[in-house]
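What follows is a single structure, written as structure tokens, with notes after it.
2 protein chains.
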Amino acid sequence: MKDRKQRHIVICEIIKDNKIASQMELQSMLDELGYTVTQATLSRDLAALKVMKRPDPIKGHIYAISDEVTNPFTVMNDNSPLNACRQLSFAGNLAVIKCLPSFAPSIALLLDGLEMDEVIGTVAGDDTILVVLRDGISHEQFRRTLLRRLPELRRRF
Amino acid sequence: MKDRKQRHIVICEIIKDNKIASQMELQSMLDELGYTVTQATLSRDLAALKVMKRPDPIKGHIYAISDEVTNPFTVMNDNSPLNACRQLSFAGNLAVIKCLPSFAPSIALLLDGLEMDEVIGTVAGDDTILVVLRDGISHEQFRRTLLRRLPELRRRF
DNA sequence: AAAAATAACGTATATTTATACAATAAATAA
DNA sequence: TTATTTATTGTATAAATATACGTTATTTTT
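One line per chain: the protein sequences are A and B, in this order. Numbering-wise, this note's numbering puts 132 at position 82 of the first sequence, and it's gapless, one number per residue. Numbering-wise, this note's numbering puts 167 at position 117 of the second sequence, and it's gapless, one number per residue.
Next up, the structure:
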């Protein structure tokens, strides 16, 4: 019964990675991952997650993450701009943080405020932040410190 | 039987102007406008029009015109900001795209919309875009994919 | 701690949507 | 023109989805 939050996350992932055409399909995928629930529960989950169904040339209709999830305004209700963080990835000595549109500058400001030793500087566009890592700092080192300093990000990165 | 095209247009308008929660609702609205069809036909119409159904706090689920129709990128083919691209160069794992002043953000947005595997993220200033390439992606690889995805750029880069 | 309120869920079922099949109209080929 | 193919639709029904209701767990209040 306390699985719900975790299940929701898994559902989102399944939907993003696969073309799911029905709740039964989703149900059996979840089942294989150890989440055994009924169709009714999935119907409720999908409504709670604001998942929508869109036509697909191959599979008829498939589930897709709703715009509203991507929409800044619904997220802003929460609290901090950190909720607008979407993804952390790396390339060379850069960390790249993807955010919801328009949030990058405020989040970058917040990062700057941390004055992390691991970071030389940040540049923010509209929805992307480049974090320049100090020479010798590994991706994992940066990630670990970041999550320690900003625990709100733990569910996201 | 020759009503179909016209009916499709009317359906789009109804969906844009109202919160339609079921095909029956749509059916009766259409009926009042002189288009009398069965639910089955509407099911087919909505699929043909790529209309999707999204959750709504008040009415449960409502129909909505698909992203592809609303999405700027698909419409923008005509008079595209890509014409404001001036130059593509590289440095390390960064691609640098020079644009006419003020165009960088909109072009970066367009790049983001491509969701290229080769790209980790982009940051746009006023007339310059930094594209962070995924580790292991060569300059040529990126250029080739870019030109394949955006043939309009062929004359430029 | 007990009581009350809230949240999560399954079962059974109602509602909604998609489709197999057959019929008819329109377009195309012969 | 006649035959053939392709499109569009309705009917009937299958498939998918949402929900009323009852139950159990969890949280909150007293």
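Virtual Cβ for every residue (Gly too), placed ideally from N, Cα, C. Values in this document were obtained by computation on a predicted structure and should not be read as measured data.
| A154 of chain A versus L99 of chain B - alpha carbon distance | By one-based count along the first sequence, residue 154 of chain A stands at place 104. By one-based count along the second sequence, residue 99 of chain B stands at place 49. The straight-line gap from Cα to Cα measures roughly 35 Å.
F140 of chain A to G84 of chain A span [Cα, whole Å]: Within the first sequence, the letter at position 90 stands for residue 140 of chain A. Within the first sequence, the letter at position 34 stands for residue 84 of chain A. Straight-line Cα distance between these residues: approximately 31 Å.
Taking buried to mean at least 16 other C-beta atoms within 10 Å of its own C-beta, is K55 of chain A buried or exposed?
As a working mapping, residue 55 of chain A is identified with position 5 in the first sequence. Exposed is the call here.
### Task
Taking only beta-carbon positions, decide if R104 of chain A is within less than 7 Å of chain B.
By 1-based counting over the first sequence, the position of residue 104 of chain A is 54. Yes, R104 of chain A lies at the interface with chain B (some Cβ there is under 7 Å from its Cβ).
- Query: Considering only C-alpha positions, which residue in the set A:V87, A:S72, A:K69 and A:A71 is nearest to H58 of chain A?
  - Reply: Taking the first residue of the first sequence as position 1, residue 58 of chain A is located at position 8. Answer by Cα proximity: A:V87.
Neighbourhood of R206 of chain B by C-beta, 7 Å cutoff - its chain only, sequence neighbours within 5 removed: As a first step, residue 206 of chain B is located in the second sequence; it is residue number 156 there, counting from the start. Once the five neighbours on either side are set aside, the close Cβ partners of R206 of chain B are C135.
| task | Hey, could you find the ends of the alpha helix (DSSP H) G163 of chain B is sitting in? | result | To locate residue 163 of chain B, count along the second sequence from 1; it is residue 113. For G163 of chain B, the enclosing alpha helix (DSSP H) has its first and last residue at A154 to L164.
Helix, strand or coil: how does DSSP classify V60 of chain B here? Walking along the second sequence from the start, residue 60 of chain B turns up at place 10. The answer is helix: DSSP assigns V60 of chain B an H, G or I state.
* **Rounded straight-line distance, which links the Cα of D162 of chain B to that of I112 of chain A** => As a first step, residue 112 of chain A must be located in the first sequence, where it is residue number 62. As a first step, residue 162 of chain B must be located in the second sequence, where it is residue number 112. If I take the Cα positions, the gap works out to 23 Å.
Practice problem: Compare the Cα-Cα distances from G110 of chain B to each of A:V101, A:M74, A:S78 and A:G186 and report the closest residue. | Solution: One-based indexing of the second sequence puts residue 110 of chain B at position 60. Measuring from the Cα of G110 of chain B, the nearest candidate turns out to be A:V101.
Span of the alpha helix (DSSP H) holding Q81 of chain A? Within the first sequence, residue 81 of chain A is the residue found at index 31, counting from 1. What sits at residue 81 of chain A in the sequence shown is Asp, not Gln. Q73 to E82 is the extent of the alpha helix (DSSP H) around D81 of chain A.
*Residue from B:G142, B:R194, B:L159 and B:N133 with nearest C-alpha to C149 of chain B*: The residue given as residue 149 of chain B occupies position 99 in the second sequence. Considering only alpha carbons, the answer is B:N133.
- Please classify L197 of chain A: does DSSP put it in a helix, a strand, or coil? Here the question's residue 197 of chain A lines up with position 147 in the first sequence. L197 of chain A: helix per DSSP, three-state reduction.
Margin query: Spatial neighbours of T178 of chain A within its chain, please: C-beta separation below 8 Å, excluding the five flanking residues on both sides.
Written below: Here residue 178 of chain A refers to the residue found at position 128 of the first sequence. These residues qualify, in order along the chain: V146, I147, K148, C149 and A154.
Let me know the secondary structure DSSP gives T124 of chain B once reduced to three states.
On the second sequence, position 74 is the one that residue 124 of chain B refers to. Residue placement at T124 of chain B is flagged as unreliable, the pLDDT there being 33, under the threshold of 50; a coordinate-derived value is accordingly withheld.
Check: Are the CB atoms of N143 of chain B and G142 of chain A nearer to each other than 7 Å?
Finding: One-based indexing of the second sequence puts residue 143 of chain B at position 93. One-based indexing of the first sequence puts residue 142 of chain A at position 92. Cβ distance < 7 Å, so N143 of chain B and G142 of chain A count as in contact.
Review point. Considering D95 of chain A, what are the terminal residues of the alpha helix (DSSP H) in which it resides?
Key: For the purposes of this step, residue 95 of chain A is identified with residue 45 of the first sequence, where counting begins at 1. Where D95 of chain A is concerned, the enclosing alpha helix (DSSP H) stretches over Q89 to A98.
* By Cβ distance below 7 Å, which residues in the same chain neighbour I115 of chain A in space, the five residues on each side in sequence not counted? -> Stepping through the first sequence from its first residue, residue 115 of chain A is reached at position 65. Excluding residues within five positions, the ones whose Cβ falls inside 7 Å are C62, I65, K66 and V101.
task = Starting from the C-beta of T195 of chain B, find all residues in its chain whose C-beta is less than 7 Å away, skip the five residues before and the five after it, and write them out in chain order.
result = Taking the second sequence and counting its residues from 1, one reaches residue 195 of chain B at position 145. If we look at T195 of chain B and ignore the five residues flanking it on each side, its Cβ neighbours are M166 and E168.
Checklist entry - Taking DSSP as the reference, what is the three-state secondary structure of K69 of chain B? => result Locating residue 69 of chain B in the second sequence gives position 19, counting from the first residue. Correct three-state label for K69 of chain B: coil.
Identity of the residues DSSP links to S139 of chain B by a beta bridge = Here residue 139 of chain B corresponds to residue number 89 of the second sequence, with the count starting at 1. Bridge partners of S139 of chain B: B:V146.
Indicate whether A174 of chain B and G175 of chain A have their beta-carbon atoms separated by less than 7 Å. Sequence index remark: in the second sequence, residue 174 of chain B carries index 124 (1-based). Sequence index remark: in the first sequence, residue 175 of chain A carries index 125 (1-based). Yes; because the gap between Cβ atoms is below 7 Å, this pair is in contact.
Since M74 of chain B and Q89 of chain B are thought to touch, with beta carbons under 8 Å apart, how far apart are those beta carbons, to the nearest angstrom?
Working through the second sequence from its first residue, we reach residue 74 of chain B at position 24. Working through the second sequence from its first residue, we reach residue 89 of chain B at position 39. Contact holds; Cβ gap of about 7 Å.
Under 7 Å, Cβ to Cβ, is there at least one residue of chain B near S156 of chain A? Along the first sequence, one-based indexing puts residue 156 of chain A at 106. It does not: the Cβ of S156 of chain A has no partner Cβ on chain B nearer than 7 Å.
**Message:** Looking at the secondary structure, which residues open and close the beta strand (DSSP E) in which I37 of chain A lies?
**Reply:** Nothing about residue 37 of chain A can be read from this structure; chain A reaches only from 51 to 207.
At the level of alpha carbons, what is the spacing between F192 of chain A and S93 of chain B?
Numbered from its first residue, the first sequence carries residue 192 of chain A at position 142. Numbered from its first residue, the second sequence carries residue 93 of chain B at position 43. Rounded to the nearest angstrom, the two C-alpha atoms are 51 Å apart.
- [ ] Could you please give me the residues that DSSP links to Y113 of chain A through a beta bridge?
- [x] In the first sequence, residue 113 of chain A corresponds to position 63, counting from 1. DSSP lists A:K103 as partners of Y113 of chain A.
- prompt: Among all the DSSP beta bridges, which residues are the ones paired with D172 of chain A?
  reply: Position 122 of the first sequence holds residue 172 of chain A. Contrary to the premise, residue 172 of chain A reads as Thr rather than Asp in this sequence. Residue pairing by DSSP puts T172 of chain A in a beta bridge opposite A:V181.
Label L138 of chain A either buried or exposed according to how many other C-beta atoms from any shown protein chain fall within 10 Å of its C-beta, with 16 as the threshold for buried. Numbered from its first residue, the first sequence carries residue 138 of chain A at position 88. Classification for L138 of chain A: buried.
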